[in-house]
Every structure is written in C-alpha cells, then in structure tokens.
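What follows is a single structure, written as structure tokens, with notes after it.
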Amino acid sequence: MGMANCENITLVPFFYFFCMLGFVFIPTEASLKEYQFNIQVTNVSRLCHAKPIVTVNGMFPGPTIYVREGDRVLVNVTNSAQYNMSIHWHGLKQYRNGWADGPAYITQCPIKTGNSYVYDFNVTGQRGTLWWHAHIFWLRATVYGAIVIMPKQGTPFPFPQPEREETILLGEWWNNDVEELVNQGNKLGLPPNMSDAHTINGKPGPLFPCSDKHTFAMEVEQGKTYLLRIINAALNDELFFAIAGHNLTVVEVDAVYTKPFTTQAILIAPGQTTNVLVQVSQVPSRYFMAARPFMDAPLSIDNKTATAILQYKGIPNTVLPILPQLPAPNDTNFALSYNAKLRSLNSPQFPANVPLKVDRHLFYTIGLGINPCPTCLNGTQITASLNNITFVMPQIGLLQAHYFHIKGVFRTDFPDRPPTPFNYTGAPLTANLGTTLGTRLSKIAFNSTVELVLQDTNLLSVESHPIHLHGYNFFVVGTGVGNFNPSKDPAKFNLVDPPERNTVGVPTGGWTAIRFRADNPGVWFMHCHLELHTSWGLKTAFVVENGKGADQSVLPPPKDLPLC
Numbered sequence: 001m002g003m004a005n006c007e008n009i010t011l012v013p014f015f016y017f018f019c020m021l022g023f024v025f026i027p028t029e030a031s032l033k034e035y036q037f038n039i040q041v042t043n044v045s046r047l048c049h050a051k052p053i054v055t056v057n058g059m060f061p062g063p064t065i066y067v068r069e070g071d072r073v074l075v076n077v078t079n080s081a082q083y084n085m086s087i088h089w090h091g092l093k094q095y096r097n098g099w100a101d102g103p104a105y106i107t108q109c110p111i112k113t114g115n116s117y118v119y120d121f122n123v124t125g126q127r128g129t130l131w132w133h134a135h136i137f138w139l140r141a142t143v144y145g146a147i148v149i150m151p152k153q154g155t156p157f158p159f160p161q162p163e164r165e166e167t168i169l170l171g172e173w174w175n176n177d178v179e180e181l182v183n184q185g186n187k188l189g190l191p192p193n194m195s196d197a198h199t200i201n202g203k204p205g206p207l208f209p210c211s212d213k214h215t216f217a218m219e220v221e222q223g224k225t226y227l228l229r230i231i232n233a234a235l236n237d238e239l240f241f242a243i244a245g246h247n248l249t250v251v252e253v254d255a256v257y258t259k260p261f262t263t264q265a266i267l268i269a270p271g272q273t274t275n276v277l278v279q280v281s282q283v284p285s286r287y288f289m290a291a292r293p294f295m296d297a298p299l300s301i302d303n304k305t306a307t308a309i310l311q312y313k314g315i316p317n318t319v320l321p322i323l324p325q326l327p328a329p330n331d332t333n334f335a336l337s338y339n340a341k342l343r344s345l346n347s348p349q350f351p352a353n354v355p356l357k358v359d360r361h362l363f364y365t366i367g368l369g370i371n372p373c374p375t376c377l378n379g380t381q382i383t384a385s386l387n388n389i390t391f392v393m394p395q396i397g398l399l400q401a402h403y404f405h406i407k408g409v410f411r412t413d414f415p416d417r418p419p420t421p422f423n424y425t426g427a428p429l430t431a432n433l434g435t436t437l438g439t440r441l442s443k444i445a446f447n448s449t450v451e452l453v454l455q456d457t458n459l460l461s462v463e464s465h466p467i468h469l470h471g472y473n474f475f476v477v478g479t480g481v482g483n484f485n486p487s488k489d490p491a492k493f494n495l496v497d498p499p500e501r502n503t504v505g506v507p508t509g510g511w512t513a514i515r516f517r518a519d520n521p522g523v524w525f526m527h528c529h530l531e532l533h534t535s536w537g538l539k540t541a542f543v544v545e546n547g548k549g550a551d552q553s554v555l556p557p558p559k560d561l562p563l564c
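Printed below as a string of structure tokens:
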C-alpha cells in the first residue's frame with residue numbers, strides 16, 4: 001500500500017505524530033478530497049444566442065467530482081451570483097448528515113449572495129456514477145456536474161475492465177433566461193416555454209444552428225472497450241440515448257451494479273444515471289451519439305435530437321457521421337421492456353438486501369390539478385400533488401425545524417393513502433381538480449421497512465413521473481400499467497434481485513412499488529424530478545426518527561450552516 005500520505009489524513013491528530021515517524025500504513029478510506037465551487041455568472045453562447053448563465057467556476061457543465069469509496073469530501077461553495085444557491089449531491093446517502101444534502105428549505109437555508117458554505121460528507125458504501133446540481137428554483141438548468149466514485153483500491157469492477165471512460169451529461173438549453181421564463185409562467189398559471197435544445201456535455205450538436213464548434217466529440221480506438229457514465233441532467237424530459245452501429249451493455253444504474261444486458265438504446269429519466277460498456281469494433285468512421293425525449297402522454301415537448309460524435313482514430317472530420325435508430329418518441333413498449341431488464345447484480349460482494357417484511361405500507365397518488373389564482377391568465381393555475389396535497393415550501397429548513405423542535409413549520413400528518421379512492425387511471429378527470437395546500441410530512445420509525453406504491457392518475461392527464469428520494473436507495477420491486485391491485489400485484493413482486501435506485505420512473509397511467517429500510521435519520525425530500533412538477537408542488541418529505549443507538553441520530557449541524 002505504500003507510505004502514509006500526510007496530507008490525506010483526516011483522522012485524529014496523533015496520526016500526525018506517527019506520520020512524522022513515517023511508518024504507519026493508513027487505509028485509503030482516510031483520503032480527503034477538497035473542492036472549491038465558485039458560483040458565478042458567465043456569458044455562454046449556444047444556438048446563435050449568447051446569454052449570461054449561472055455556473056460553477058465558469059464551467060458549463062460544471063466540474064466533475066472524483067472520489068473513491070470511503071473518502072471524505074469537502075466542497076466549499078462560494079456564491080457570487082445574484083440568486084440564492086444550494087447544491088444537492090444527488091444519490092449520496094448522507095448518513096445522519098442531512099445538513100450536507102442540499103435541497104433549499106428542506107435541509108438548509110440557501111447560501112445567500114456573497115456567502116459560503118462547506119458541504120462536508122463521507123462517501124460510504126457507494127461506488128459508481130452520481131451527480132450534483134443546484135437545488136433551488138430552476139438553476140440546475142446550468143448548475144450541474146458529475147460525481148465519479150471509484151471503487152476501493154484493489155476492488156475491481158464486476159465487469160470487464162474498460163480501457164477508458166467518458167462522462168456523458170445530457171441536459172437542456174433555453175435561449176432565454178430560464179428564471180424569467182419560469183416567473184412569467186407562474187404569473188400566468190401556465191407552464192413556461194419548453195427548452196430550445198437538448199445537449200450532450202453542454203453542446204447541442206451539428207443538427208442545431210451555430211453548433212459546429214458546439215459539438216462534443218470522443219475519439220476512440222478500434223478494438224477497445226469504453227465505459228460511458230451517462231447522466232440525465234435535463235429538467236423535464238426522459239431521454240432515449242443510442243450510438244449508431246454500436247450496442248450498449250448496461251452494467252450499473254444510479255451507482256448500483258446491475259446484471260449486464262445488451263441493448264441498442266437506453267431510456268434514462270431526469271435524475272438517473274446509467275453506466276454502459278461500448279465495444280468499439282465497427283468499421284472505422286464517425287458515428288453519432290444521439291439523445292431525444294420519450295413522451296407517451298398527449299403533451300407537447302421539445303422533441304429535437306441532441307448529437308455528439310464517436311470518432312474512430314484517424315478518421316478525418318470531413319466524413320459525415322451516421323445517425324442511430326432511436327425508438328419512436330412515444331414507444332411505450334420499449335420503455336416498459338427496457339426497465340423490465342434492469343436487475344441488481346445481487347452477488348455475494350454486492351448483495352440486494354431487499355426488505356421482505358414490511359412495517360409500513362404507503363400508497364401515494366400522483367396528480368396534476370387546477371387551483372384558483374385571481375392574478376393568473378384564466379383565474380386558475382396548474383398545480384401538482386401527492387395524495388391530493390400540494391406541498392408548500394417552508395421559510396426555514398425543515399431539518400432545522402425538526403432538529404431544534406421549532407413548532408409551526410410543518411405537520412407530520414401526511415396521509416398514508418389518498419383521502420378518497422377513485423378509478424385512478426380511467427378516463428381523464430376534469431372535475432374537482434382542486435388540491436389541498438400544506439407543508440405536511442410523513443413520520444417514519446427508525447429502521448422500519450417501508451413499501452411505497454406510487455400511482456399515476458388521470459387528473460388532467462396521465463404522465464410518466466421520475467420520483468427521487470433523498471437520503472436513500474430503494475428497491476423497485478414492482479411496476480405495472482393501470483391501477484395497482486393490492487390483492488393480486490404483490491404476488492408478482494421481484495424480491496430477489498430488483499433494481500436498486502434513487503430515482504424511478506412511474507409509468508404513464510401506471511404504478512411503481514418501492515421498498516426501503518428507514519435507517520437514515522433526518523428529514524428527506526421526495527419529489528418528482530421533472531422541475532416543472534416539483535415547482536407545482538409534487539413533493540413531500542419523510543421525517544425519519546432517531547434510533548436508540550449512539551450512532552443512530554442526526555449529527556449536530558455544522559457551524560457555517562446558512563441562515564434564512
């Protein structure tokens with residue numbers, strides 16, 4: 001293992017004494033990774049439009065955080081932009097350490113202009129691809145980047161070692177100021193304009209105007225295997241992704257190893273990550289990578305295709321790339337069959353510890369709605385809800401209110417099931433579309449096992465919803481089209497090797513069942529990762545109580561936690 005690295009020691013001071021003597025062997029877990037994130041406004045040009053955007057360190061997308069499983073990470077975020085800011089480390093479990101989770105007004109007050117906050121967290125028991133993004137307003141449109149967690153030293157991947165790897169961040173671009181568009185939409189009570197392009201590593205590709213120099217290209221060598229770490233950082237679109245002429249072998253989703261399977265295209269929802277192996281074994285040429293939305297509900301979307309180039313070494317840029325065959329934009333069958341192929345690796349080294357006994361059964365309906373709004377265009381505004389409750393954001397962090405027993409900030413009476421059962425996925429429901437407003441949370445006993453069935457509804461319209469839970473991974477034990485049947489469907493659950501994720505797509509007009517063990521105390525946000533629906537109120541949070549053990553309660557807050 002070699003000598004101790006004195007700079008990397010983050011343990012108790014007497015290690016320094018041994019370090020000076022030079023004979024102590026420190027495990028790699030003790031490594032400290034430090035990053036400086038300057039939130040600053042930078043002028044960026046895409047699609048012939050230049051505009052100021054909020055960035056980290058002037059980069060779009062932002063810098064990649066490289067860590068190893070077991071590392072401690074310190075990210076000092078200094079806010080020099082005009083907006084309040086907070087950063088979420090999407091998919092990191094943050095055991096007992098919600099203070100580093102990042103969603104504004106859930107686990108912290110935002111970082112005000114001119115202020116700094118250090119996100120201090122350990123990467124424990126996780127390896128793979130995750131990502132980070134702003135978690136306030138719609139600022140994640142430009143404030144996002146990858147997190148690459150390498151396995152512990154000496155632990156190989158459970159699949160053939162790739163020769164090289166590349167991060168592929170899928171995003172969205174608006175020509176106009178996103179925050180202004182959102183504010184206009186909110187005033188009207190309507191959705192803001194859809195994006196003007198999708199992007200691959202911040203670049204739309206040559207199918208868009210003024211994009212010759214805004215095209216991501218990856219040079220590859222014939223006969224080699226590459227690992228692509230694909231992240232959907234788009235705000236509102238599930239995306240298909242494919243490479244012309246090349247199969248993709250899926251080996252990991254949401255930083256959990258899967259049983260490998262080969263596919264021509266993947267489907268990835270906002271918030272999700274997918275690692276694929278690509279064998280570069282075709283006739284040397286230039287091949288397009290392409291991303292385009294999946295939408296199987298009667299809603300309008302930005303359906304334009306983002307492209308990047310897989311370029312074999314030695315092939316000149318004059319060769320026109322070949323486009324891949326992506327599934328049709330409304331190909332429900334591909335979506336369902338692709339997701340059905342996802343299975344946890346469930347090996348002795350990487351087991352799937354699925355809860356078999358359930359302590360708490362929850363059933364949440366997902367719906368859109370319409371509430372009165374005297375100042376809006378039609379006197380109404382579109383809204384969204386879980387169990388008919390539209391979540392109202394508090395004025396201080398919910399975790400502070402919980403930790404310091406501050407009364408009147410939230411209630412813990414979120415219902416375990418909808419107040420009125422109905423035919424959730426029948427004909428579109430256009431009457432009684434009002435929702436109840438409230439900052440209502442569900443209280444969960446420490447270490448209890450939870451089964452949550454998420455049911456899409458035809459309130460206004462059915463739609464696919466990627467639901468993200470902070471602080472946890474969960475097992476996707478079942479999914480189906482239509483209404484969940486509690487007497488028949490559980491018999492079909494996969495309790496052996498279901499996929500383990502942090503974000504799951506609830507199918508259009510269907511349901512998804514997830515299970516998790518509530519062993520991480522704190523206040524953990526759960527919301528739709530379509531930014532539009534989150535801003536309309538499709539969100540709630542779990543208050544997971546402290547356990548009895550010394551290491552089973554929320555850690556004290558850091559000294560520099562921002563004030564509201």
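Each step along the sequence shown adds one to the number in full-length UniProt numbering, with nothing skipped, and position 113 is 113. Beta carbons are placed, not taken as given, at the ideal position from N, Cα and C, and that holds for glycine. Note that the structure is predicted; figures quoted are calculated from it, not measured.
Secondary structure of residue i, DSSP reduced to three states
i, result
"E69", "coil"
"V182", "helix"
"L326", "coil"
"R343", "coil"
"T215", "coil"
"F15", "Unreliable positioning characterises F15 in this predicted model, as indicated by a pLDDT of 36, which lies under 50. The coordinate reading is nonetheless provided below. F15 falls in the helix class under three-state DSSP."
"V506", "strand"
"N201", "coil"
"P421", "coil"
"F334", "helix"
"G547", "coil"
"Q40", "strand"
"R140", "helix"
"G128", "strand"
"P490", "helix"
"K33", "strand"
"residue 642", "Residue 642 is absent from the model: the chain starts at 1 and stops at 564."
Spatially closest choice to residue i from the options, by CA coordinates
i, options, result
"N84", "P191, F525, H49 and I39", "I39"
"Q264", "Q222, S347, I243 and A255", "I243"
"T215", "D519, L310, Y119 and C376", "L310"
"P499", "T508, D489, P507 and R515", "R515"
"R292", "N232, T249 and L555", "N232"
"V220", "T258, F288 and Q184", "F288"
"Y105", "L538, V123 and V523", "V523"
"A513", "V450, Y119, L433 and L248", "V450"
"N330", "F60, M59 and E238", "E238"
Inter-residue Cα distance where the pair is residue i and residue j
i, j, result
"D456", "G510", "5 Å"
"T425", "Y364", "14 Å"
"R360", "N371", "31 Å"
"P466", "L130", "16 Å"
"V253", "S535", "26 Å"
"K304", "E172", "11 Å"
"L452", "S487", "15 Å"
"G397", "V409", "9 Å"
"P421", "A431", "15 Å"
"C210", "P204", "10 Å"
"Q82", "T113", "6 Å"
"P192", "T55", "22 Å"
"D497", "G314", "43 Å"
"P558", "W99", "7 Å"
Which residues DSSP lists as bridging residue i, in chain order
i, result
"C528", "I467"
"D120", "L74"
"A134", "I87"
"Q455", "T365 and W511"
"residue 571", "Since the displayed the chain opens at 1 and closes at 564, residue 571 lies outside it and no answer follows."
"A290", "A242 and T307"
Contact check, residue i vs residue j, beta carbons under 8 Å
i, j, result
"P158", "F474", "no"
"W138", "V182", "yes"
"R140", "L235", "yes"
"L437", "V392", "yes"
"R167", "R229", "Sequence inspection shows Thr at residue 167; the Arg mentioned does not correspond to that position. The answer is yes: Cβ separation under 8 Å."
"L267", "A340", "no"
"L92", "V143", "no"
"V462", "T508", "yes"
"C307", "V276", "Per the sequence shown, the amino acid found at residue 307 is Thr instead of Cys. Taking 8 Å as the Cβ cut-off, T307 and V276 do not qualify as a contacting pair."
"A414", "P521", "According to the sequence displayed, residue 414 carries Phe and not Ala. Contact flag unset, no."
"N247", "H49", "no"
"T439", "G271", "no"
"Q282", "G245", "yes"
Proximity test, Cβ basis, 8 Å: residue i and chain C
i, result
"W131", "Absence of chain C from the displayed structure is noted, only one protein chain being present."
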